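Read through the structure below, which is laid out as structure tokens, and then see the notes.
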Amino acid sequence: MRIRKSILTLFAAISIATTSINPVNIYAWGHDLSGEYSNDMFSPINTKAHINEHYNYSINTSSSDYIKYTGKELSNVPILYTSDTDGEYVLRDGIDYKIIGYIKVNDIDHDPSDTPFTKGRPTEPGYYKILIEGINSFKGKESINIAIVEPTELSFYDFRITDNLFINSGQIELEMYYYDSEKQKDEHITLTNGKDFTFNGWASEDNYKKNRKNLDKIKWAKTKVDNTGFYYFKITGISEFKNQIIIPDFYLYGAKDISNYEFSIRPHYNTQTKEFEPRLLSKYLTEGKNYSVSYCSRSEISEDEIDMGISDKHNWKPGYPKKTGNYAFMIKGKNEYKGYNAFTVHYSKTLNPQIIEKANLNTTITFAEGKTLAICPKKTGEYTIKTTAYANATSALYTNIYDSTFKSITETMVEADTTVSSSIKVNLNAGEVYYLTLNTSLNNNKQIPCTINIDGSYAYKKPKTIVRNNCIYSITKHADKNGKNGEVAVIGLKKKSAKKVTISNYIKINGKKYKVTHIDYNAFINNKKITTVKTGNSVLSICAGAFAGCKKLKTLVLGKNIKSIEKKALHRTSGKKLTIKVPKKYKKTYTKLIKSAKTNNYVVK
Numbered sequence: 076m077r078i079r080k081s082i083l084t085l086f087a088a089i090s091i092a093t094t095s096i097n098p099v100n101i102y103a104w105g106h107d108l109s110g111e112y113s114n115d116m117f118s119p120i121n122t123k124a125h126i127n128e129h130y131n132y133s134i135n136t137s138s139s140d141y142i143k144y145t146g147k148e149l150s151n152v153p154i155l156y157t158s159d160t161d162g163e164y165v166l167r168d169g170i171d172y173k174i175i176g177y178i179k180v181n182d183i184d185h186d187p188s189d190t191p192f193t194k195g196r197p198t199e200p201g202y203y204k205i206l207i208e209g210i211n212s213f214k215g216k217e218s219i220n221i222a223i224v225e226p227t228e229l230s231f232y233d234f235r236i237t238d239n240l241f242i243n244s245g246q247i248e249l250e251m252y253y254y255d256s257e258k259q260k261d262e263h264i265t266l267t268n269g270k271d272f273t274f275n276g277w278a279s280e281d282n283y284k285k286n287r288k289n290l291d292k293i294k295w296a297k298t299k300v301d302n303t304g305f306y307y308f309k310i311t312g313i314s315e316f317k318n319q320i321i322i323p324d325f326y327l328y329g330a331k332d333i334s335n336y337e338f339s340i341r342p343h344y345n346t347q348t349k350e351f352e353p354r355l356l357s358k359y360l361t362e363g364k365n366y367s368v369s370y371c372s373r374s375e376i377s378e379d380e381i382d383m384g385i386s387d388k389h390n391w392k393p394g395y396p397k398k399t400g401n402y403a404f405m406i407k408g409k410n411e412y413k414g415y416n417a418f419t420v421h422y423s424k425t426l427n428p429q430i431i432e433k434a435n436l437n438t439t440i441t442f443a444e445g446k447t448l449a450i451c452p453k454k455t456g457e458y459t460i461k462t463t464a465y466a467n468a469t470s471a472l473y474t475n476i477y478d479s480t481f482k483s484i485t486e487t488m489v490e491a492d493t494t495v496s497s498s499i500k501v502n503l504n505a506g507e508v509y510y511l512t513l514n515t516s517l518n519n520n521k522q523i524p525c526t527i528n529i530d531g532s533y534a535y536k537k538p539k540t541i542v543r544n545n546c547i548y549s550i551t552k553h554a555d556k557n558g559k560n561g562e563v564a565v566i567g568l569k570k571k572s573a574k575k576v577t578i579s580n581y582i583k584i585n586g587k588k589y590k591v592t593h594i595d596y597n598a599f600i601n602n603k604k605i606t607t608v609k610t611g612n613s614v615l616s617i618c619a620g621a622f623a624g625c626k627k628l629k630t631l632v633l634g635k636n637i638k639s640i641e642k643k644a645l646h647r648t649s650g651k652k653l654t655i656k657v658p659k660k661y662k663k664t665y666t667k668l669i670k671s672a673k674t675n676n677y678v679v680k
């Protein structure tokens, strides 16, 4: 019996919505086809008295309650009969049962108790309760919910968003499972935006209900949803796909609320220290630009806070701890991202991935502990990465490849009885760090041997340091295929003896343009030489400790788009008087930001 995994069922209403049928509710119908009902109508079935009086059972169509529209009378509908003792059996139309009547219903909640059955079989698309009667070795009468569907009619499709945090065209799909009675097999169709339909946008619940009688007044937006709540979506079919539909009451999490995001500790290669460091990363956000990290001792957090939520009133220190141990972390939103996310976790400074230096590597994994491996190719090109796990039992192998910021590039899941192999083709850039993670579903705590093979063109190269105008940069967001939308952070200086530092708006890496968006944690900390720093207009934030302890720093020129300066970003207890030059238009705003930087002896001009 198939269980459909739809996120939301479409509802047919007005001219554009519909409701799909849920798994069948089974009722006893004591009546004849003239519409005369007995007193026990809609009472739960006495499972020993119907269809086959010797067994318990449940009845449903074999794989879907959707049956493809053929233009003919409904026929050849497989109905699943389940016996507690004998397993499953598919009842055959004309051999084990016959359809003797039907009622057309609006949706699954429609109570047809006051509606007589129509003799015969339904033919047109729609939602029905059909009445079947056992024949030959089966007896009794039962009702079953079904839908006769037209594959080109959008109202029969399920609406799916691959990630509830983000609403954009690439993440919306329509899908439908149905049974083709003529071919006698299940079918599955997935429709994509831009090809089969157009996503017209979303509307808030208040906006929709206020204007539901005049849909032309509804404002349909395509931007990311900022606030958590219920939303409506409008979709229009393209080509042979018919109609326009509205998806109602879809619950979404606000994309600008940090508390809605998940964070995990991942290895991060620091090109300045040339070491892997554990960092708290999110699939969608960039540290320093979208959020800041601070920590405190786990001992400060009460058990009540663990259960009810951690307060932001503790002694939070910016950045990451220097020692391995148990800590509480605070993730705070920056710029347009609001709120915070706090949790406790074991933080390990020894989170160093195994480096794949040659084309072949042997390793082991367990269910409890997967493996993270670092890849850094010597040449840019397409690589085939083949992984084989020797589990000697039925298991699945999960293989994922991430870029240096732990954004997923590609992933696979393969299941087999003994030896499980996966093969991934992926384009990698020379000198850049990528991560390959391996995990298994075999929960027996045994070490599972694995082999990794990267095609013969692979040769390891130490991760490159990105240096432009004496500044060391780290990629925080890779450029797209068109060489656009890349982002980097300044993480330090190559020649620490330099007195003047200019941070550009953009740098180029492999011919692709990368915007310099922030100055990273401790980027210039305790530098004894720099006197003047000028930032470009693309810099959005200055992280904690960025210029801490820079006693000779006399002039700091800030661009016009600074959104945040973290606590202790300019922390000094002594040193030269610091003149901070800011755009006149933003002097008042910047002055407030600079106060949190905890510097001494300064003036804002």
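Numbered per my numbering, the sequence shown spans residues 76 to 680.
Note that CB positions come from ideal geometry on N, CA and C, so glycine has one too.
Bear in mind the structure is a predicted one, so any value in this text is a computation, not a measurement.
Endpoints, the beta strand (DSSP E) within which residue i is located
i: Glu562; result: Gly561 to Leu568
i: Asp711; result: The shown model of the chain, from 76 to 680, leaves out residue 711, and the question about it has no answer.
i: Glu352; result: Glu350 to Leu356
i: Asn435; result: Asn435 to Ile440
i: Ile223; result: Lys216 to Val224
i: Glu457; result: Gly456 to Tyr465
i: Asn502; result: Thr494 to Leu503
i: Asp233; result: Asp233 to Ile236
i: His593; result: Lys587 to Ile594
i: Thr526; result: Ile523 to Ile529
i: Asn514; result: Tyr509 to Thr515
Pick from the options that is closest to residue i, judged by C-alpha positions
i: Val224; options: Asp492, Thr198 and Ile499; result: Thr198
i: Thr438; options: Asn528, Asp238 and Ser479; result: Asn528
i: Thr648; options: Thr664, Ile637, Cys625 and Asn636; result: Cys625
i: Ile484; options: Thr494, Val501 and Ala471; result: Val501
i: Phe274; options: Lys260, Gln246 and Lys288; result: Gln246
i: Val165; options: Thr193, Leu149, Gly209 and Thr145; result: Gly209
i: Gln429; options: Val420, Ala417, Gly445 and Phe418; result: Gly445
i: Ile205; options: Arg341, Leu149 and Asp255; result: Leu149
i: Glu280; options: Asn318, Asp324, Tyr254 and Leu645; result: Asp324
i: Ala449; options: Ile440, Ile476, Lys173 and Glu457; result: Ile476
i: Ile221; options: Arg196, Thr237 and Asp238; result: Arg196
i: Pro524; options: Thr480, Ile440, Arg167 and Lys482; result: Ile440
i: Ser334; options: Ile264, Ala417 and Tyr203; result: Ala417
i: Ser230; options: Ser212, Ser218 and Gly201; result: Gly201
i: Gly215; options: Glu228, Glu257, Tyr203 and Asp171; result: Asp171
For residue i, the three-state DSSP class (helix, strand or coil)
i: Ile134; result: Unreliable positioning characterises Ile134 in this predicted model, as indicated by a pLDDT of 47, which lies under 50. A coordinate reading is not provided.
i: Arg27; result: For the chain, the structure presents residues 76 to 680; residue 27 sits outside this window and is missing.
i: Arg341; result: strand
i: Asp478; result: coil
i: Glu250; result: strand
i: Ser671; result: coil
i: Leu206; result: strand
i: Ser334; result: helix
i: Phe213; result: coil
i: Cys321; result: It is worth fixing the name first, because residue 321 is Ile in this sequence and not Cys. Strand.
i: Leu73; result: Residue 73 cannot be examined here, being either before or after the span of the chain that is shown, 76 to 680.
i: Leu327; result: strand
i: Asp140; result: coil
i: Ser230; result: helix
i: Tyr661; result: helix
i: Thr666; result: helix
i: Asp255; result: strand
i: Asp387; result: coil
i: Asp301; result: coil
i: Asp261; result: strand
First through last residue of the alpha helix (DSSP H) which encompasses residue i
i: Tyr402; result: Unbroken run through Tyr402 is the beta strand (DSSP E), Gly400 to Gly408; no alpha helix (DSSP H).
i: Asn286; result: It is not in any alpha helix (DSSP H) - Asn286 carries neither H nor E in the DSSP assignment.
i: Glu375; result: Taken as a continuous stretch (DSSP letters only), Glu375 belongs to no alpha helix (DSSP H), as it is neither H nor E.
Residue-chain proximity (residue i, chain C), Cβ-Cβ < 9 angstroms
i: Leu628; result: Checking the listed chains, one finds no chain C in this structure; it contains a single protein chain.
The stretch 511 to 526 touching the stretch 538 to 557, judged by at least three CB pairs closer than 8 angstroms: no
Is it a yes or a no for the stretch 360 to 380 touching the stretch 403 to 415, going by three-plus beta-carbon pairs under 8 angstroms? yes
The stretch 346 to 363 contacting the stretch 299 to 312, beta-carbon criterion three pairs below 8 angstroms: no
With three or more C-beta pairs closer than 8 angstroms as the rule, is the stretch 581 to 589 touching the stretch 554 to 573? yes
May I have a chain-ordered list of the alpha helix (DSSP H) segments no shorter than 4 residues that lie completely inside the stretch 598 to 639? none
Hey, is the stretch 323 to 340 in contact with the stretch 289 to 302, meaning 3+ C-beta pairs nearer than 8 angstroms? yes
Could you tell me whether the stretch 419 to 427 touches the stretch 494 to 508, where touching means 3 or more Cβ pairs closer than 8 angstroms? no
Meets three-Cβ-pair contact criterion under 8 angstroms: the stretch 462 to 480 and the stretch 388 to 398: no
Indicate whether the contact test is met: 3 or more Cβ pairs, each with one atom in the stretch 603 to 612 and one in the stretch 569 to 585, closer than 8 angstroms. yes
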